[in-house]
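Chemist: Chains as they are written, first to last, in this note's numbering: chain F, 25 to 357; chain G, 25 to 357.
Number of protein chains: 2
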Amino acid sequence: MPATIRDIKDQTGLSLATISKYLNGGNVLPENKVKIERAINDLDYQVNEMARGLVTNMSRTVGVSVHDIGSLFCGILLRYIGDVLKNNGYSMIICDSRDDAKREEENIEFFIKKNVDGIIVIPSSQSKDFLKSAKKNNIPVVLLDRSITGSGCDCVRIDNRAAASLAAALLIDNGHKANAIIYSSVEYTGIERYKGFLETMSDAGMPIPEEFQMAGTHSIEHGYRSMNELLSKKNRPTAVFTTNYELTLGAVMAVNESKYSCPDDISIIGFDNLILSHVVQPKMTMVVQPMKEMGEKAAQLILFKIKSKDKDSPMEYVLNTSIEVGNSVLNLA
Amino acid sequence: MPATIRDIKDQTGLSLATISKYLNGGNVLPENKVKIERAINDLDYQVNEMARGLVTNMSRTVGVSVHDIGSLFCGILLRYIGDVLKNNGYSMIICDSRDDAKREEENIEFFIKKNVDGIIVIPSSQSKDFLKSAKKNNIPVVLLDRSITGSGCDCVRIDNRAAASLAAALLIDNGHKANAIIYSSVEYTGIERYKGFLETMSDAGMPIPEEFQMAGTHSIEHGYRSMNELLSKKNRPTAVFTTNYELTLGAVMAVNESKYSCPDDISIIGFDNLILSHVVQPKMTMVVQPMKEMGEKAAQLILFKIKSKDKDSPMEYVLNTSIEVGNSVLNLA
DNA sequence: ATCATAGAGCGAAACGTTTCGCTCTATCCT
DNA sequence: AGGATAGAGCGAAACGTTTCGCTCTATGAT
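(1) Measuring CB to CB, does R181(G) end up less than 8 Å from D169(G)?
(2) Counting contacts by CB-CB distance shorter than 8 Å, is Q324(G) in contact with chain F?
(3) How far does the beta strand (DSSP E) with G142(F) in it extend, from its first residue to its last?
(4) Give me the residue from I244(F), R185(F), V210(F) and K283(F) with the minimum Cα distance to S346(F).
(5) Is the beta carbon of S282(G) sitting closer than 8 Å to the one on L255(G)?
(6) Counting C-beta neighbours from all protein chains within 10 Å, is the total for A63(F) 16 or more, i.e. buried, or is it exposed?
(7) From the DSSP output, in three-state form, read off I330(F) for me.
(8) Per DSSP, G294(F) is paired with what?
(9) Any residues in the segment 92–120 of chain F with a beta carbon nearer than 9 Å to a beta carbon of chain G? Which ones, in chain order?
(10) Under the three-state reduction of DSSP, which class applies to Q324(G): helix, strand or coil?
(11) Between the alpha carbons of I292(F) and G106(G), how many angstroms are there, rounded?
(12) Under DSSP, the alpha helix (DSSP H) around M74(G) begins and ends at which residues?
(13) Anything in chain G within Cβ reach of E61(F), meaning under 7 Å, just list it in chain order.
(14) Beta-carbon of N139(G) versus every beta-carbon of chain F: anything under 8 Å?
(15) Out of D92(F), A228(F) and A278(F), which has the shortest C-alpha to C-alpha gap to N252(F)?
(16) What separation, rounded to the nearest whole angstrom, lies between the Cα atoms of Q150(G) and S149(F)?
(17) What are the boundary residues of the beta strand (DSSP E) that includes G87(G)?
(18) Let's test the definition: count the other Cβ atoms within 10 Å of the Cβ of K321(F) and tell me whether it reaches 16, buried, or not, exposed.
(19) Does E73(F) come within less than 8 Å of chain G when only Cβ atoms are used?
(20) If we count the other Cβ atoms within 10 Å of its Cβ and call it buried at 16 or more, is A228(G) buried or exposed?
(21) Kindly list the residues whose CB is nearer than 6 Å to the CB of Y104(G), restricted to its own chain and excluding five residues on each side of it in sequence; keep chain order.
(22) Return the residue from the list L325(F), T36(F), A125(F) and T266(F) that minimises the CA-CA distance to A191(F).
(23) Excluding sequence positions up to five away, which residues of its chain have a Cβ less than 7 Å from the Cβ of G131(G)?
(24) Anything in chain G within Cβ reach of F236(F), meaning under 7 Å, just list it in chain order.
(25) A263(F) lies in the beta strand (DSSP E); which residues open and close that run?
(26) The beta strand (DSSP E) that contains L47(G), what's its start and end?
(27) Can you tell me whether DSSP reads A202(G) as helix, strand or coil?
(28) Is there a Cβ of chain G sitting closer than 8 Å to that of S256(F), yes or no?
(29) How far does the alpha helix (DSSP H) with D227(G) in it reach, from first residue to last?
(30) From I262(G) to A125(G), what does the alpha carbon distance come to, in whole angstroms?
(31) Rounded to whole angstroms, how far is the Cβ of L78(G) from the Cβ of L78(F), which I believe are closer than 8 Å?
(32) Specify, as a first and last residue, the run of the beta strand (DSSP E) that L167(F) falls within.
(33) Quick one: is R30(G) buried, meaning 16 or more other Cβ sit within 10 Å of its Cβ, or exposed?
(34) In terms of alpha-carbon separation, which member of G247(F), R217(F) and L102(F) lies closest to V145(F)?
(35) Using a Cβ-Cβ cutoff of less than 6 Å, which residues in the same chain neighbour N351(G) once the five nearest sequence positions on both sides are dropped?
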């Protein structure tokens with residue numbers, strides 16, 4: 025039913041090869057160009073991507089596996105990724121891994137079955153099992169947000185240590201001397217932020233005591249429980265750094281439900297400025313990541329990898345973070 | 025490089041037709057079945073979906089256009105849609121329309137260019153322009169969450185009037201007599217909720233005065249400004265019904281920043297129970313939609329439409345809502 | 001014993017592109 | 001004027017499946 029290149033051949037009298045050449049950006053005589061364009065218009069022709077894919081072995085599709093499609097963080101990244109891909113004629117097929125390494129691996133298998141040209145992963149864990157099948161099928165992979173140690177993969181992320189240092193510096197500037205950190209110890213990202221924070225504090229002569237280092241999972245629960253624990257101590261910290269969105273959420277919940285208030289009784293500096301900062305009271309002070317840049321860079325990078333088919337040494341883009349100042353940190357200085 | 029059906033033919037000595045039949049669930053002799061399965065394993069064979077698609081004219085792909093991929097609401101729906109599709113061997117390609125009718129139309133065009141078998145739309149507006157190209161190409165469309173009047177389209181949604189009635193009934197039960205509504209007057213959904221709320225209140229002998237009917241866009245801003253306006257009135261309402269997630273967010277922000285507090289000075293009943301209800305103080309009372317059921321139903325429906333290739337009269341699934349009770353509504357009774 | 005029938009297998013055509021290697025024409029240089 | 005060259009066009013093969021319509025065998029009924 026839909027028009028094919030053959031219909032265009034019939035209307036223009038040109039050969040399939042010439043028309044195909046035109047469609048793929050090759051040079052044809054101006055008069056022929058006019059003819060072809062008219063025919064395309066008349067017939068409402070659209071390239072059959074499956075036929076094209078069969079020959080070229082390219083689907084013009086990128087698979088994106090996100091650690092949690094229900095998270096705002098991923099949603100925002102997906103927006104920017106999608107924009108770049110679409111503008112380049114690529115579609116994105118999305119799978120949710122729900123923070124589960126096994127599911128993540130299945131997603132990659134699924135992508136391969138669907139003949140994607142490239143894969144972007146917002147990893148759910150440090151597991152690199154999923155890389156195997158991608159490597160085997162020679163499909164380029166770009167990691168976004170969280171890198172995986174020793175993966176040898178292309179990656180777009182922030183400098184997590186530096187970001188945590190920013191947070192530490194801000195607390196120091198505001199005169200806080202009893203500081204705590206609630207972090208995720210199950211991820212590279214979280215551990216880096218932890219290291220950056222501790223190092224900067226130590227360098228400033230204010231090492232963080234063990235009991236103020238709250239390790240745990242990447243979850244609202246961990247944030248919630250840890251904050252409760254901190255608040256119940258005899259010597260409460262004056263400030264807490266929560267190293268990701270979920271932890272920040274949980275910590276804020278805990279404070280809101282307690283008899284204490286922020287920032288008068290406890291200061292909080294969070295991570296990832298999403299909608300949260302507009303709705304909770306007081307307005308949060310947060311370390312923010314350049315979401316737009318991250319998403320766009322990841323998309324551009326995977327497109328480049330697809331086109332260049334290269335074996336170049338993996339690239340790593342490390343983007344800068346900044347602090348958005350709200351009212352959740354009290355000035356003690 | 026990857027194995028083809030021809031390699032299986034070589035290893036088993038069977039014909040292409042027989043192997044294809046097996047792959048598509050047809051009957052073959054038990055001994056041949058064993059042979060084929062062994063070959064598939066040995067060769068690590070995977071069907072080339074593009075070749076298959078070229079013949080069958082099916083891509084086993086569904087396009088999903090969401091009104092805002094950055095919204096939690098869409099993220100959650102996408103999770104459930106994705107699960108069902110993937111379990112059925114279908115991939116979903118996602119486009120964001122950012123609440124823009126033009127972009128929505130472009131998304132559909134894009135889907136068609138990509139040869140999707142079916143389309144799910146979480147519409148961004150009442151515009152039905154985008155339906156044209158889908159109809160022309162004979163691709164089934166399922167509307168999710170928001171129906172479009174006169175579209176004649178399959179649809180999965182809640183009964184918005186009934187949902188609003190629930191909210192009204194709860195306020196009435198709690199003895200509220202001065203009630204306001206902040207709603208989106210630019211959407212069918214919002215208008216239905218408005219009607220349901222007003223009707224139930226009228227029936228109870230408590231019609232909502234004009235000045236307590238806050239019409240506007242579907243946005244945090246509208247919720248924020250309207251709540252501020254309501255709070256500044258001499259005769260404040262005792263309760264406010266906010267008819268969607270963004271409006272609820274905005275309204276809560278306004279109250280938090282004001283000298284008033286919820287629920288002591290003003291009660292709020294919101295819509296769409298997302299993470300918000302856990303983090304804001306007090307815990308919100310909300311009308312909740314059955315997200316899982318909605319997503320899954322929409323996916324099942326589009327799969328059915330694709331398979332049955334039918335011209336049946338459009339189906340409409342209307343799901344039930346419920347109320348999740350928190351502490352944001354004061355009992356005056 | 002003969003015939004009809006059901007089930008399984010097969011060969012070949014078809015799906016709609018791209019691409020390889022060739023021919024042809026027109027241009028430009030010497 | 002003759003030869004080299006660049007540019008455009010073309011025919012045909014190839015990509016990896018599915019499917020149509022046929023043949024063949026084995027079974028069961030008469």
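Beta carbons: idealized from backbone N, C-alpha and C, even for Gly.
Modeler: On the basis of the data shown:
(1) Residue 181(G) sits at position 157 when you count from the first residue of the second sequence. Residue 169(G) sits at position 145 when you count from the first residue of the second sequence. Contact: yes.
(2) In the second sequence, counting from the first residue as 1, residue 324(G) sits at position 300. No, because no Cβ of chain F sits closer than 8 Å to the Cβ of Q324(G).
(3) Indexing the first sequence from 1 puts residue 142(F) at position 118. Note, G142(F): beta strand (DSSP E), G142 to V145.
(4) Taking the first residue of the first sequence as position 1, residue 346(F) is located at position 322. Considering only alpha carbons, the answer is R185(F).
(5) Working through the second sequence from its first residue, we reach residue 282(G) at position 258. Working through the second sequence from its first residue, we reach residue 255(G) at position 231. Yes; because the gap between Cβ atoms is below 8 Å, this pair is in contact.
(6) On the first sequence, position 39 is the one that residue 63(F) refers to. That one is buried.
(7) Taking the first residue of the first sequence as 1, we reach residue 330(F) at position 306. Of the three classes helix, strand and coil, the one that applies to I330(F) here is helix, per DSSP.
(8) Position 270 of the first sequence holds residue 294(F). Answer is M310(F).
(9) D92, I93, G94, S95, L96, C98, G99, I100, L102, R103, G106, D107, K110, G113, S115, M116, I117, I118, C119 and D120
(10) The residue you call residue 324(G) lines up with position 300 of the second sequence. Q324(G) falls in the helix class under three-state DSSP.
(11) Translated into positions along the first sequence, residue 292(F) becomes position 268. Translated into positions along the second sequence, residue 106(G) becomes position 82. Their Cα atoms are separated by approximately 36 Å.
(12) As a first step, residue 74(G) must be located in the second sequence, where it is residue number 50. E73 to T80 is the span of the alpha helix (DSSP H), which, as asked, contains M74(G).
(13) Along the first sequence, one-based indexing puts residue 61(F) at 37. Under the 7 Å cutoff, chain G gives no residues; its nearest Cβ is about 17 Å from E61(F).
(14) As a first step, residue 139(G) is located in the second sequence; it is residue number 115 there, counting from the start. Cβ-Cβ to chain F under 8 Å: yes for N139(G).
(15) Numbered from 1 along the first sequence, position 228 holds the residue referred to as residue 252(F). Comparing Cα-Cα distances from N252(F) to each of D92(F), A228(F) and A278(F), the minimum goes to A278(F).
(16) As a position in the second sequence, residue 150(G) is number 126, starting the count at 1. As a position in the first sequence, residue 149(F) is number 125, starting the count at 1. So the two alpha carbons sit approximately 41 Å from each other.
(17) As a first step, residue 87(G) is located in the second sequence; it is residue number 63 there, counting from the start. Start and end: T85 to V90.
(18) In the first sequence, residue 321(F) corresponds to position 297, counting from 1. So K321(F) ends up on the buried side.
(19) On the first sequence, position 49 is the one that residue 73(F) refers to. It does; some Cβ of chain G falls within 8 Å.
(20) To locate residue 228(G), count along the second sequence from 1; it is residue 204. The residue in question, A228(G), is exposed, as its Cβ has fewer than 16 Cβ neighbours within 10 Å.
(21) Residue numbering aside, residue 104(G) sits at position 80 when the second sequence is read from its first letter. K316, G319 and E320.
(22) Taking the first sequence and counting its residues from 1, the one referred to as residue 191(F) is at position 167. Closest option to A191(F), Cα to Cα, is T266(F).
(23) Numbered from its first residue, the second sequence carries residue 131(G) at position 107. Inspection of the sequence shows that residue 131(G) is occupied by Asn rather than by Gly. If we look at N131(G) and ignore the five residues flanking it on each side, its Cβ neighbours are S89, C119 and S121.
(24) Stepping through the first sequence from its first residue, residue 236(F) is reached at position 212. Those within 7 Å of F236(F) in chain G number zero; the least Cβ separation is about 23 Å.
(25) Within the first sequence, numbered from 1, the residue matching residue 263(F) stands at position 239. First-last of the beta strand (DSSP E) with A263(F): A263 to T266.
(26) As a first step, residue 47(G) is located in the second sequence; it is residue number 23 there, counting from the start. No beta strand (DSSP E) holds L47(G); the alpha helix (DSSP H) holding it covers L40 to L47.
(27) The residue given as residue 202(G) occupies position 178 in the second sequence. Here A202(G) sits in coil by DSSP.
(28) Within the first sequence, the letter at position 232 stands for residue 256(F). No, S256(F) does not count as interfacial toward chain G.
(29) Within the second sequence, residue 227(G) is the residue found at index 203, counting from 1. Its alpha helix (DSSP H) spans residues Y212 to D227.
(30) Position 238 of the second sequence, counting from 1, holds the residue named residue 262(G). Position 101 of the second sequence, counting from 1, holds the residue named residue 125(G). The identity of residue 262(G) in the sequence shown is Thr, whereas the question assumes Ile. Between T262(G) and A125(G), the C-alpha separation is close to 37 Å.
(31) In the second sequence, the residue the question calls residue 78(G) occupies position 54. In the first sequence, the residue the question calls residue 78(F) occupies position 54. Indeed they touch by this definition, with Cβ atoms about 6 Å apart.
(32) Position 143 of the first sequence, counted from the first residue, corresponds to residue 167(F). Counting along the chain, the beta strand (DSSP E) containing L167(F) begins and ends at V165 to L168.
(33) Walking along the second sequence from the start, residue 30(G) turns up at place 6. Exposed, by the Cβ-count rule.
(34) For this step, residue 145(F) is matched to residue 121 along the first sequence. Closest option to V145(F), Cα to Cα, is L102(F).
(35) Position 327 of the second sequence, counted from the first residue, corresponds to residue 351(G). Same-chain partners within the cutoff: P306 and K307.
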